[in-house]
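Engineer: Residue numbers (the numbering used here), protein chains in the order written: chain V, 1 to 86; chain Z, 1 to 625.
Cβ atoms here follow ideal geometry from the backbone N, Cα and C, with glycine treated the same way.
Note that the structure is predicted; figures quoted are calculated from it, not measured.
Have a look at this one before I ask anything.
Here it is as structure tokens:
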């Protein structure tokens with residue numbers, strides 16, 4: 001789980017914070033409320049998750065409950081990857 | 001100084017010099033071609049005027065003055081101002097129906113008066129150096145004055161990267177101020193004073209409607225708009241019209257075509273991208289009106305090629321490329337031999353046409369039932385032209401548009417999402433710039449400037465006020481309006497900004513303007529019968545142009561690489577060089593760029609161009625201690 005979170009964090013810092021490692025990006029911080037993602041960036045995030053973790057997100061998966069913080073993304077991706085492996 | 005603004009007035013130049021005051025004028029001859037030379041001194045020799053713009057009701061004012069025994073030496077509008085000022089002093093401003101910026105030297109009182117039209121169509125800037133007040137229609141003239149420097153004002157940059165425009169009187173230049181629209185300023189015996197002579201006002205929520213019903217309101221609007229067009233066709237040269245293909249410019253063109261003494265020339269920009277292009281509607285309207293129609297194509301390469309010139313004329317950083325096609329369009333007008341055009345600008349502010357008005361209404365509707373997924377689907381209806389939004393789930397839509405939602409009585413409620421998403425681009429500000437800003441909040445300054453009556457207005461009227469008072473003069477009428485048109489010596493005229501129409505529309509009930517989610521309802525009613533139904537009932541398509549992809553496609557211009565290089569960014573000191581390099585690489589690599597990234601890219605590039613053009617003397621900001 002930590003590995004997933006770290007990879008997503010790196011992606012967010014590189015692509016949405018443009019390398020600003022000083023930004024205090026807490027695990028539970030909302031990506032929307034903190035203006036880190038807009039509607040296009042959410043689709044970039046989905047593409048990254050699909051490419052990096054070998055899963056495909058259905059429309060119903062693309063909701064803030066699954067993707068609006070590092071913790072939520074890690075939990076969602078971890079569960080999916082685990083289910084796929086089982 | 002006058003030579004620096006020769007593009008605004010290529011037809012003649014004139015000067016007035018006295019021991020205490022001097023005036024220079026570059027003339028665009030439109031009214032009184034033979035006898036309207038400026039600066040103009042009245043027959044007593046006491047009053048001298050340098051005037052940019054038009055007084056559209058000058059004929060009526062002159063008749064009134066003649067009836068009171070005043071004698072005229074000329075047939076134009078300039079002398080009318082001199083007589084009116086002689087009779088009434090600054091109170092004459094309330095009688096002027098026009099777009100103007102003028103300087104009037106009253107030698108009898110040894111007083112200089114500067115004045116600007118109600119909505120801010122014509123620009124007027126001023127600065128002091130060595131105990132002398134200097135003023136001009138464009139900043140580049142003031143930069144010719146020794147002692148006036150081109151240092152950037154960090155606060156204005158924060159305002160632009162939040163509100164899209166500086167809050168007047170602030171400009172992008174720390175040493176230079178703008179006279180606010182609807183204001184005049186006087187300099188007398190060494191003392192300067194500025195006063196507002198007109199302000200946009202709305203009735204309290206519970207005020208009775210000024211007209212009996214919609215039919216009566218639509219008839220009154222139609223009559224006033226027709227009169228506004230009639231007055232704005234007054235010229236001793238041919239008057240053309242911009243035709244975007246939407247309701248507003250089509251309506252103005254239709255009225256003008258019926259009144260113009262000769263076949264109307266109409267002018268349009270076309271785009272090669274379907275999401276921006278409206279050429280089918282433009283052609284349909286031009287054919288319906290039988291105008292002589294002119295078009296100019298604008299592709300991404302054109303925007304990139306013209307952008308440095310666009311910034312030179314805009315004289316400020318901008319967050320959108322939309323001014324660039326209008327720069328091309330005014331060039332087309334000049335090539336066709338015209339120098340005056342009517343436009344449909346202003347209708348969206350006056351009759352509530354912008355998406356932001358609908359968005360605020362839907363946000364309030366959603367906030368009543370925060371968990372509802374059904375309500376959030378309405379956001380999709382607002383922005384059918386934004387593919388990124390169309391693909392989002394209702395939950396995401398609710399989250400995006402509800403992000404940071406403030407209390408419904410927040411005076412900036414309607415504009416908070418725009419300000420937040422725009423300000424996200426401040427991520428790229430350098431540590432030095434952040435340090436200079438000391439936590440400054442542009443939105444809070446805007447909120448602090450609202451008039452006391454604002455709180456009692458309907459939420460739609462509050463939103464209209466924010467657009468009309470700040471964004472309209474600060475961006476639409478300047479960066480997209482006067483500055484792009486005057487770059488080619490073209491004067492834009494705006495019938496929807498006739499103050500009589502503005503005042504009538506402000507008094508109408510909010511539901512007559514935004515009926516449910518139907519924008520400009522009462523204007524559409526007024527337009528019935530004047531336009532083909534496909535135009536008259538067409539939903540608004542916002543005027544937009546391709547953004548970052550204009551610059552990053554094949555054949556990227558050298559200036560883009562140079563302006564965004566880590567070296568240049570570091571030298572400028574305003575942005576973080578590493579972050580900007582990553583943004584540049586991302587915009588190059590991705591086929592679609594989001595709102596925040598586009599805003600940042602265009603904002604940073606334009607700021608770098610601004611620095612390169614105006615502030616060559618080094619870093620624009622001091623390093624933090």
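Can you list, in chain order, the residues of the segment 463-477 of chain Z whose Cβ is nearer than 7 Å to any Cβ on chain V?
Structural biologist: none
Engineer: Would residue 574 of chain Z pass as an interface residue toward chain V - the criterion being a Cβ-Cβ separation below 8 Å?
Structural biologist: For the purposes of this step, residue 574 of chain Z is identified with residue 574 of the second chain, where counting begins at 1. Output row for residue 574 of chain Z: interface = no.
Engineer: Leaving out the 5 sequence neighbours to the left and right, which residues in its chain are closer than 7 Å to residue 362 of chain Z when beta-carbon positions are compared?
Structural biologist: On the second chain, position 362 is the one that residue 362 of chain Z refers to. The beta carbon of residue 362 of chain Z is closer than 7 Å to those of 378, 379, 382 in its chain, skipping five residues each way along the sequence.
Engineer: Of all the alpha helix (DSSP H) runs that stay within the bounds of the segment 503-575 of chain Z, which reach a length of 4 or more residues?
Structural biologist: Within the segment 503-575 of chain Z, the alpha helix (DSSP H) runs of at least 4 residues that lie entirely inside it are, in chain order, 510-513, 521-527, 533-536, 549-552, 558-564, 566-572.
Engineer: When you compare only the Cα positions, how much space is there between residue 25 of chain Z and residue 16 of chain Z?
Structural biologist: Working through the second chain from its first residue, we reach residue 25 of chain Z at position 25. Working through the second chain from its first residue, we reach residue 16 of chain Z at position 16. Their backbone Cα atoms lie some 9 Å apart in a straight line.
Engineer: Using beta carbons (cut-off 8 Å, strictly below), is residue 579 of chain Z in contact with chain V?
Structural biologist: Translated into positions along the second chain, residue 579 of chain Z becomes position 579. Residue 579 of chain Z counts as touching chain V.
Engineer: Smallest Cα separation from residue 145 of chain Z: which of Z:438, Z:169, Z:218, Z:133?
Structural biologist: Along the second chain, one-based indexing puts residue 145 of chain Z at 145. The shortest Cα separation from residue 145 of chain Z among Z:438, Z:169, Z:218, Z:133 belongs to Z:133.
Engineer: Ends of the beta strand (DSSP E) at residue 242 of chain Z?
Structural biologist: Sequence index remark: in the second chain, residue 242 of chain Z carries index 242 (1-based). 240-242 is the extent of the beta strand (DSSP E) around residue 242 of chain Z.
Engineer: Using 10 angstroms around the beta-carbon of residue 539 of chain Z, count the other beta-carbons present and answer buried if the total reaches 16, otherwise exposed.
Structural biologist: Reading the second chain from its first residue, position 539 is the one you call residue 539 of chain Z. Result: exposed.
Engineer: For residue 513 of chain Z, does the count of other Cβ atoms within 10 angstroms reach 16, so buried, or fall short, so exposed?
Structural biologist: For the purposes of this step, residue 513 of chain Z is taken as the residue at position 513 of the second chain. By the neighbour-count rule (16 or more Cβ atoms within 10 Å), residue 513 of chain Z is buried.
Engineer: Can you pull the chain Z neighbours of residue 32 of chain V, defined as C-beta to C-beta under 7 Å?
Structural biologist: Translated into the one-based positions of the first chain, residue 32 of chain V becomes position 32. Around residue 32 of chain V, the beta-carbon contacts reaching into chain Z at under 7 Å are 399, 400, 403.
Engineer: Alpha carbon to alpha carbon, what distance is there between residue 147 of chain Z and residue 131 of chain Z?
Structural biologist: Residue mapping note: residue 131 of chain Z aligns to position 131 of the second chain, counting from 1. Residue mapping note: residue 147 of chain Z aligns to position 147 of the second chain, counting from 1. Approximately 11 Å between the Cα atoms of the pair.
Engineer: For residue 1 of chain Z, which residues from the same chain have a beta carbon less than 8 Å from its beta carbon, with the 5 sequence-adjacent residues on both sides left out?
Structural biologist: Translated into positions along the second chain, residue 1 of chain Z becomes position 1. The residues are 24, 134, 136, 141, 142, 144, 145.
Engineer: So, at 8 Å on beta carbons, what are the nonlocal neighbours of residue 76 of chain Z in its own chain, with the 5 sequence-adjacent residues on each side left out?
Structural biologist: The residue labelled residue 76 of chain Z in the question sits at position 76 within the second chain. 31, 32, 35, 36, 58.
Engineer: Would the segment 580-589 of chain Z count as touching the segment 328-344 of chain Z if we require 3 or more Cβ pairs under 8 Å?
Structural biologist: no
Engineer: Return the residue from the list Z:255, Z:463, Z:244 that minimises the CA-CA distance to residue 282 of chain Z.
Structural biologist: Here residue 282 of chain Z refers to the residue found at position 282 of the second chain. Taking only the C-alpha atoms, the option nearest residue 282 of chain Z is Z:244.
Engineer: To the nearest angstrom, report how far apart residue 316 of chain Z and residue 609 of chain Z are at their CA atoms.
Structural biologist: Position 316 of the second chain, counted from the first residue, corresponds to residue 316 of chain Z. Position 609 of the second chain, counted from the first residue, corresponds to residue 609 of chain Z. Going from the Cα of residue 316 of chain Z to the Cα of residue 609 of chain Z covers about 9 Å.
Engineer: Anyone know if the C-beta pair for residue 425 of chain Z and residue 161 of chain Z falls short of 8 Å?
Structural biologist: In the second chain, counting from the first residue as 1, residue 425 of chain Z sits at position 425. In the second chain, counting from the first residue as 1, residue 161 of chain Z sits at position 161. Their beta carbons are under 8 Å apart, which means residue 425 of chain Z touches residue 161 of chain Z by this criterion.
Engineer: Residue 595 of chain Z versus chain V: which residues are under 8 Å apart at the beta carbon?
Structural biologist: The sequence position of residue 595 of chain Z within the second chain is 595, counting from 1. 38, 39, 40, listed in chain order.
Engineer: Taking Cβ positions only, does residue 608 of chain Z come closer than 8 Å to chain V?
Structural biologist: As a first step, residue 608 of chain Z must be located in the second chain, where it is residue number 608. Residue 608 of chain Z does not count as touching chain V.
Engineer: Classify residue 569 of chain Z: buried if its beta carbon has 16 or more other beta carbons within 10 angstroms, exposed otherwise.
Structural biologist: In the second chain, residue 569 of chain Z corresponds to position 569, counting from 1. Classification of residue 569 of chain Z: buried, given that the 10 Å Cβ count is 16 or more.
Engineer: For a contact defined as C-beta to C-beta under 8 Å, what are the partners of residue 420 of chain Z on chain V?
Structural biologist: Reading the second chain from its first residue, position 420 is the one you call residue 420 of chain Z. Those within 8 Å of residue 420 of chain Z in chain V are 35.
Engineer: Does the Cβ-Cβ distance between residue 8 of chain Z and residue 486 of chain Z come in under 8 Å?
Structural biologist: Within the second chain, residue 8 of chain Z is the residue found at index 8, counting from 1. Within the second chain, residue 486 of chain Z is the residue found at index 486, counting from 1. Yes, the Cβ-Cβ distance between residue 8 of chain Z and residue 486 of chain Z is below 8 Å.
Engineer: How many Å lie between residue 376 of chain Z and residue 33 of chain V at the Cα?
Structural biologist: Working through the second chain from its first residue, we reach residue 376 of chain Z at position 376. Working through the first chain from its first residue, we reach residue 33 of chain V at position 33. In a straight line, the C-alpha of residue 376 of chain Z is about 17 Å away from that of residue 33 of chain V.
Engineer: Which class does residue 7 of chain Z belong to by DSSP, given the choice of helix, strand or coil?
Structural biologist: Looking up residue 7 of chain Z in the second chain gives position 7. Residue 7 of chain Z falls in the helix class under three-state DSSP.
Engineer: Please give me, in chain order, every unbroken run of the beta strand (DSSP E) with length at least 3 that falls completely inside the segment 18-76 of chain Z.
Structural biologist: Scanning the segment 18-76 of chain Z for uninterrupted beta strand (DSSP E) segments of 3 residues or longer gives 22-27, 47-55, listed from N- to C-terminal end.
Engineer: Rank V:60, V:85, V:16 by C-alpha distance to the C-alpha of residue 93 of chain V and give the top, closest one.
Structural biologist: Coverage of chain V is limited to positions 1 through 86, which leaves residue 93 of chain V absent and any answer about it impossible.
Engineer: Around the Cβ of residue 498 of chain Z, are there at least 16 other Cβ atoms within 10 angstroms (buried) or fewer (exposed)?
Structural biologist: If you number the second chain from 1, residue 498 of chain Z lands on position 498. So residue 498 of chain Z ends up on the buried side.
Engineer: Exposed or buried, what is residue 50 of chain V when buried is set at 16 or more other beta-carbons lying within 10 Å of its beta-carbon?
Structural biologist: The count along the first chain starts at 1 and reaches residue 50 of chain V at position 50. Answer is exposed; the Cβ neighbour count stays below 16.
Engineer: Residue 508 of chain Z and residue 563 of chain Z: beta carbons closer than 8 Å?
Structural biologist: Here residue 508 of chain Z corresponds to residue number 508 of the second chain, with the count starting at 1. Here residue 563 of chain Z corresponds to residue number 563 of the second chain, with the count starting at 1. Going by C-beta atoms, residue 508 of chain Z is not nearer than 8 Å to residue 563 of chain Z.
Engineer: The alpha helix (DSSP H) that contains residue 93 of chain Z, what's its start and end?
Structural biologist: Reading the second chain from its first residue, position 93 is the one you call residue 93 of chain Z. Looking at the DSSP string, residue 93 of chain Z is not in any alpha helix (DSSP H), and its letter there is neither H nor E.
Engineer: Residues of the segment 422-448 of chain Z with a CB closer than 8 Å to any CB of chain V: list them in chain order, please.
Structural biologist: 423, 424, 427, 428
Engineer: Less than 8 Å between CB atoms is the rule here; does residue 78 of chain V satisfy it with respect to chain Z?
Structural biologist: Taking the first chain and counting its residues from 1, the one referred to as residue 78 of chain V is at position 78. For residue 78 of chain V, the answer is no, since every Cβ of chain Z falls outside 8 Å of its Cβ.
Engineer: Does DSSP classify residue 268 of chain Z as helix, strand or coil?
Structural biologist: Numbered from its first residue, the second chain carries residue 268 of chain Z at position 268. Three-state DSSP puts residue 268 of chain Z in a strand.
Engineer: Would you tell me roughly how many angstroms separate the C-alpha atoms of residue 13 of chain V and residue 159 of chain Z, rounded to the nearest one?
Structural biologist: Within the first chain, numbered from 1, the residue matching residue 13 of chain V stands at position 13. Within the second chain, numbered from 1, the residue matching residue 159 of chain Z stands at position 159. Cα to Cα, the separation comes out at about 26 Å.
Engineer: Excluding the 5 residues preceding and the 5 following residue 385 of chain Z in the sequence, name in chain order all residues of the same chain whose CB lies nearer than 7 Å to its CB.
Structural biologist: Here residue 385 of chain Z is taken as the residue at index 385 of the second chain, counted from 1. Only 275, 541 meet the Cβ criterion.
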